[in-house]
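Have a look at the structure below before the remarks.
There are 4 protein chains.
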Amino acid sequence: MKVAVLGVGRIGAMHAELIAHRADGVSLAGVYDVVEGAATAVGERLEVPVFDTADAAIGSDADAVAICSSTPTHIDLVVAAAEAGKAIFCEKPLSLELDEVDRGLAAVEATGVTLHVGFNRRFDASHAAVRAAVADGDIGQLRQLRISSRDPAPPPIAYIEQSGGIFLDMTIHDFDMARFTTGSEVVEVYATGRVTVDPAIGEAGDLDTVTVLLTHENGVVTTIDNCRQSAFGYDQRVEAFGSAGIVSSENHTSHSTIKRTESGSAGAVVPYFFLERYIPSYISQWEQFASAVRSGNPPSVSGADGRAPLVIGLAAKQSVATNTPVRL
Amino acid sequence: MKVAVLGVGRIGAMHAELIAHRADGVSLAGVYDVVEGAATAVGERLEVPVFDTADAAIGSDADAVAICSSTPTHIDLVVAAAEAGKAIFCEKPLSLELDEVDRGLAAVEATGVTLHVGFNRRFDASHAAVRAAVADGDIGQLRQLRISSRDPAPPPIAYIEQSGGIFLDMTIHDFDMARFTTGSEVVEVYATGRVTVDPAIGEAGDLDTVTVLLTHENGVVTTIDNCRQSAFGYDQRVEAFGSAGIVSSENHTSHSTIKRTESGSAGAVVPYFFLERYIPSYISQWEQFASAVRSGNPPSVSGADGRAPLVIGLAAKQSVATNTPVRL
Amino acid sequence: MKVAVLGVGRIGAMHAELIAHRADGVSLAGVYDVVEGAATAVGERLEVPVFDTADAAIGSDADAVAICSSTPTHIDLVVAAAEAGKAIFCEKPLSLELDEVDRGLAAVEATGVTLHVGFNRRFDASHAAVRAAVADGDIGQLRQLRISSRDPAPPPIAYIEQSGGIFLDMTIHDFDMARFTTGSEVVEVYATGRVTVDPAIGEAGDLDTVTVLLTHENGVVTTIDNCRQSAFGYDQRVEAFGSAGIVSSENHTSHSTIKRTESGSAGAVVPYFFLERYIPSYISQWEQFASAVRSGNPPSVSGADGRAPLVIGLAAKQSVATNTPVRL
Amino acid sequence: MKVAVLGVGRIGAMHAELIAHRADGVSLAGVYDVVEGAATAVGERLEVPVFDTADAAIGSDADAVAICSSTPTHIDLVVAAAEAGKAIFCEKPLSLELDEVDRGLAAVEATGVTLHVGFNRRFDASHAAVRAAVADGDIGQLRQLRISSRDPAPPPIAYIEQSGGIFLDMTIHDFDMARFTTGSEVVEVYATGRVTVDPAIGEAGDLDTVTVLLTHENGVVTTIDNCRQSAFGYDQRVEAFGSAGIVSSENHTSHSTIKRTESGSAGAVVPYFFLERYIPSYISQWEQFASAVRSGNPPSVSGADGRAPLVIGLAAKQSVATNTPVRL
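Protein chains in written order, with the working numbering: chain A, 1 to 328; chain B, 1001 to 1328; chain C, 2001 to 2328; chain D, 3001 to 3328.
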């Protein structure tokens, strides 16, 4: 399955390389970027064509497109790719506007193409093992879920200003993880937050440290802790508690060596960020996407899965604004 | 320092034995229980006098009394002991009624005796290490705190009916832990809960599975997960996240042996309940109590420390009733 | 079952206290020590009689004696106690002389009393879980065993000079553990060692850092690492490798708190020495001893179990002297 | 730096792919294999030329050759590559014959080319952290070293028959690790072993379960446990004990999720074999090789480092044959 990558910033360039060399069942048809030099650099390194326009990429002989450009461009590209009959991989979030998302999903539905939204964490072996334990009943009836999700360092203020805010930019991954792990929709949101990392984030109208409670349709309560800055590395943990036990995906470490002295034990750091932690999940995501497209099966992360976390995120913003729980 | 124990049910009998044989600097003056046979059994086993009445115990040559009787009897005994000039150790909660608590604290203040409220978890080496790391600035500025606290099995319904509800009976320990670890008072409470363990608990007007958010004066948000039933053992964890790192007290295991086969690794169970987990903390608590009384220093858990969690617990009940955050 | 303790140095005083207060099914009949003040101190603290002579202790109404005096006195006391018909607990080693051991065992056999040799590590929950996994076939056919056993600090040189050397004083515990875990006798010994901790140990004719290979009757090879000084605490680990897996008893830690910062993780120290690590095993040992005596079952650590490690230790000394494997 | 790969069996094909796509600073000049189809398959997949002969590969414009063919062909290729002035990466072992090794090293010395022997484990982040802790004095003066090294499953008997035996084929990696971690040459070897996995291995004149003691020039004793079959996965651990502490590289796990129920905890499996565990070490090795060649610095694993483990392995065979320690 040939994939054209649209947008080769940090995340798009990573996808291009994984498609070209690491994932089975996919190959790289070429790359496009609004910044010509970016596209050229990646194209030369990976020895693939560089498309002059997004339309040229979509109109190429690629079987699928990977939409990795800036968020506001996503839906137009989704629509164009759907109309061209291409399978679509789109990075999260689909959009910051719910009606835009709906326009995109309508085009996808009308054309019957596959749309997969890039919630890569579902494909992480550790988090997937948590979901599997829940789904298989290994911990009995699920009661409570905890997600710890903290980035090592905040993005630039310019990025934050256009990000839609922490709930739509960062917590959105955790909203997806909550839906994925519980297998149940969210019906109520209570969120609280403040600025502890950088006053400039607050001046930009955003929060950097938040705690969110989600009540699911099945009664399970999920608690999410987020922070834009984590000195000890990229904190990525999910813990599901049920009537028969508890299952937790713990943080990784950069190596497995432990030193013990009279001061106690000392171990390795937690990997710095998503490139250090999640590459295998991105590879696995590509392989599952390719497999779904080939087989005609529904994608493992659907358009509806892309829409739901946006709804939750908008409710979280409202909850903070009113300091009350918001019913969905 | 000689201690008379008032009330030798499960927890009182444990205290009597720790005072008699395990803790340094204290000895057992005798025991009293409203159930005569209970007192006799413990008295014979530990070879100490059995008092016929609480007054006799308080009026004995004991330097201190340990109030381990049922909650409604606490304040009268506190007052009587205070008036007799005895140092007082009182099990939690002081009372389920705030005005009763205040009556007790007034007597303590008027007489100048030492009152120590039995929040033993502060003396657990693991939780104490979390507090120490926070206080010492090892994790920088504290931002978020997480407490997981789950009992292995619910108490009898008859107990639950008189317990004051999960927030005053069980979460009260976690409210104390939140105040202790953050070093900051609670200013707002949001609580949510339901019944997942036993419908009879709901019929008794109580919850068995709750999640509580506390906002502290210093801005830190604490999240508490409670459940009355935990198949994997007594879940007792505290995790503090700050600007420079994270510090977590993890559950203990009943032994340190790991087996690895083609199925993966298998390790020991988490200790069943407080007798298996917290004996060393109870011993340490007695030693610190004795040391405070001897030196005339303030107790490490004061009467105010006994009152504050009750206020939080009452707010939590109100928050559940109204599904809104409650300001203190 | 009433137990008189003979010898209340550090280890005997510990046994006296465990018998008096911690172990079920035993009580303390009294204590004796060649140093009168030592006996008096322990007797007063535990409120039990102090015997004037060992004979008085043996001749008392105690059901059993605990021989915790210096090694050269063990066998005479074993013989006297056997002849008095008392059940016997004897600290390791029984003796440094094989013919002395045999004299003691003959007296025990002739009188039919119970003799239990104090290899407490068998009763440690973690090591016992390793043995259980081996015995239950959880790791299939056992192939290799590893024992890491290192003391925090060397004893005084005066002690070392009378200890019989590291193999009879320290490794003897590991020889027992090898026999216990494998369930198979040792048929060949190869030992190598040197002095790395303190030259005075070498001047006293001893080694302080040794590695020993044991070949068992069933073909399993055990490797033992010993050192008289371990900066990180009391190293006590056993690891059994078999055809279906591996099972390891890991070191304990003094608490369960982990701190993570940009430098990595930091955890608690390993407990300092046997009092910090092995108290529960000593308690369990007393309970199993009492149970064996009461039921008339053979003791869980027999006289033959006391003799075998001495034979292995003598062979280890010879192996070092000749730098060749020694066949038993 | 362009590298031609000679021999693209399992390990050579892996190197070709790492050179082509994963390691920085190297590119794949082409491949050769005595089995034409093997070379063609790899060449097509990686889109590089296929050389008809080893000479053609060596004579190409490649800057370096990677010798990954069968062991008996190594030295001829080393000599040819050296005479062609190419930098050489050679898989272990250089040869099973010491005089052949010396012939190869002589050619390398005469021509001044770089020769790097493929002991990849030195480049594993966990093992490297052990070495770093030793070299930096973090554990004080090194006293004892333990290496646990067990393969998941034995190779085919046909392979074993030509392997030179377990010491030269498998333990050779551990001999290198012992020299690397201690930084000290081996002066004496004692080895013992037997057949526990497959009688056919014994019939082929080999052992499958061995324990080896190495005495180093600096007095440190290394113990190595090997087995050709490990049900729990690829066992790869190194533990260094010194006067100030201990440092251990523990096994990895395939994910970081832990499940706790009333039966205890359950975690993930240990990765199956070297492809699952050591890919990052192979990548790092290529990058360090490239860096050494470019800078003219000596390689991090020299020809002498390739020779020494062979000498130790031959001594180990002799030690087993005579059941005595062998002095080097």
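By construction, the Cβ of each residue, glycine as well, lies at the ideal position given by its N, Cα and C atoms.
Interface flag, residue i vs chain C, CB-CB below 8 angstroms
{"i": "A3244 (chain D)", "result": "yes"}
{"i": "F3089 (chain D)", "result": "no"}
{"i": "D3206 (chain D)", "result": "no"}
{"i": "R3307 (chain D)", "result": "no"}
{"i": "G3219 (chain D)", "result": "yes"}
Within-8 angstroms CB hit, residue i to chain A
{"i": "Q1318 (chain B)", "result": "no"}
{"i": "T3261 (chain D)", "result": "yes"}
{"i": "G2165 (chain C)", "result": "no"}
{"i": "N1323 (chain B)", "result": "yes"}
{"i": "Q1236 (chain B)", "result": "no"}
{"i": "F1289 (chain B)", "result": "no"}
Chain D within 8 angstroms of residue i, Cβ atoms only
{"i": "A178 (chain A)", "result": "no"}
{"i": "F2241 (chain C)", "result": "yes"}
Chain-ordered neighbours of residue i on chain B, where CB pairs are closer than 9 angstroms
{"i": "A2125 (chain C)", "result": "S1254, H1255, S1256, T1257, A1268"}
{"i": "Q141 (chain A)", "result": "T1196"}
{"i": "R146 (chain A)", "result": "R1146, S1148, T1223, D1225"}
Residues that residue i contacts on chain D, provided the C-beta gap is smaller than 9 angstroms
{"i": "N251 (chain A)", "result": "S3256"}
{"i": "S1265 (chain B)", "result": "F3232, T3253, I3258, S3265, A3266, G3267, A3268, V3269, V3270"}
{"i": "H21 (chain A)", "result": "E3017, A3020, H3021, R3022"}
Backbone CA spacing between residue i and residue j [nearest angstrom]
{"i": "I258 (chain A)", "j": "G3245 (chain D)", "result": "11 angstroms"}
{"i": "F3274 (chain D)", "j": "A125 (chain A)", "result": "19 angstroms"}
{"i": "E1100 (chain B)", "j": "I1075 (chain B)", "result": "7 angstroms"}
{"i": "V1050 (chain B)", "j": "T215 (chain A)", "result": "53 angstroms"}
{"i": "S1254 (chain B)", "j": "E2250 (chain C)", "result": "12 angstroms"}
{"i": "T73 (chain A)", "j": "V311 (chain A)", "result": "19 angstroms"}
{"i": "I2166 (chain C)", "j": "R2194 (chain C)", "result": "11 angstroms"}
{"i": "P1271 (chain B)", "j": "S1281 (chain B)", "result": "15 angstroms"}
{"i": "A1290 (chain B)", "j": "G2030 (chain C)", "result": "30 angstroms"}
{"i": "A1020 (chain B)", "j": "L1028 (chain B)", "result": "5 angstroms"}
{"i": "R121 (chain A)", "j": "A66 (chain A)", "result": "17 angstroms"}
{"i": "P2154 (chain C)", "j": "F2232 (chain C)", "result": "14 angstroms"}
{"i": "I2201 (chain C)", "j": "D2138 (chain C)", "result": "42 angstroms"}
Residue-level contact to chain B via CB, residue i, 8 angstroms cutoff
{"i": "A231 (chain A)", "result": "yes"}
{"i": "A2133 (chain C)", "result": "yes"}
{"i": "F273 (chain A)", "result": "no"}
Contact set between residue i and chain D, taken where Cβ atoms lie within less than 8 angstroms
{"i": "S1281 (chain B)", "result": "Near S1281 (chain B) there are no residues of chain D at all, since even the closest Cβ is about 22 angstroms away, more than 8 angstroms."}
{"i": "D138 (chain A)", "result": "K3259, T3261"}
Chain C residues whose Cβ lies nearer than 9 angstroms to that of residue i
{"i": "L2954 (chain D)", "result": "Summary: the structure shown does not reach residue 2954 (chain D), with chain D confined to residues 3001 through 3328, and so no result is reported for it."}
{"i": "F3175 (chain D)", "result": "Here the premise fails: no neighbours, minimum Cβ distance about 17 angstroms."}
Closer than 7 angstroms at the beta carbon, the chain D residues around residue i
{"i": "V130 (chain A)", "result": "T3257"}
Distance cut-off 7 angstroms: residue i Cβ against heavy atoms of the ligand SAH
{"i": "G3267 (chain D)", "result": "Annotation note on the ligand SAH: not contained in the displayed structure, which lists no ligands."}
CB contact check: residue i to chain G, cutoff 8 angstroms
{"i": "G3030 (chain D)", "result": "Checking the listed chains, one finds no chain G in this structure; the protein chains it contains are A, B, C and D."}
Assumed close pair residue i, residue j - CB separation to whole angstroms, cut-off 8 angstroms
{"i": "L2145 (chain C)", "j": "A2178 (chain C)", "result": "6 angstroms"}
{"i": "V1238 (chain B)", "j": "T1181 (chain B)", "result": "6 angstroms"}
{"i": "G1007 (chain B)", "j": "S1060 (chain B)", "result": "G1007 (chain B) to S1060 (chain B), Cβ: 15 angstroms. No contact."}
Contact list for residue i against chain B, beta-carbon separation under 7 angstroms
{"i": "S2248 (chain C)", "result": "T1257, I1258"}
> Looking at C-beta atoms only, is the number of pairs between the segment 2301-2319 of chain C and the segment 2183-2200 of chain C that lie closer than 8 angstroms three or more?
Replying inline: yes
>> Closer than 8 angstroms is the cut-off here; do at least three beta carbon pairs connect the segment 1153-1161 of chain B with the segment 1198-1206 of chain B?
In response: yes
> When the Cβ atoms of the segment 3078-3094 of chain D are set against those of the segment 3110-3119 of chain D, are three or more pairs found closer than 8 angstroms?
Replying inline: yes
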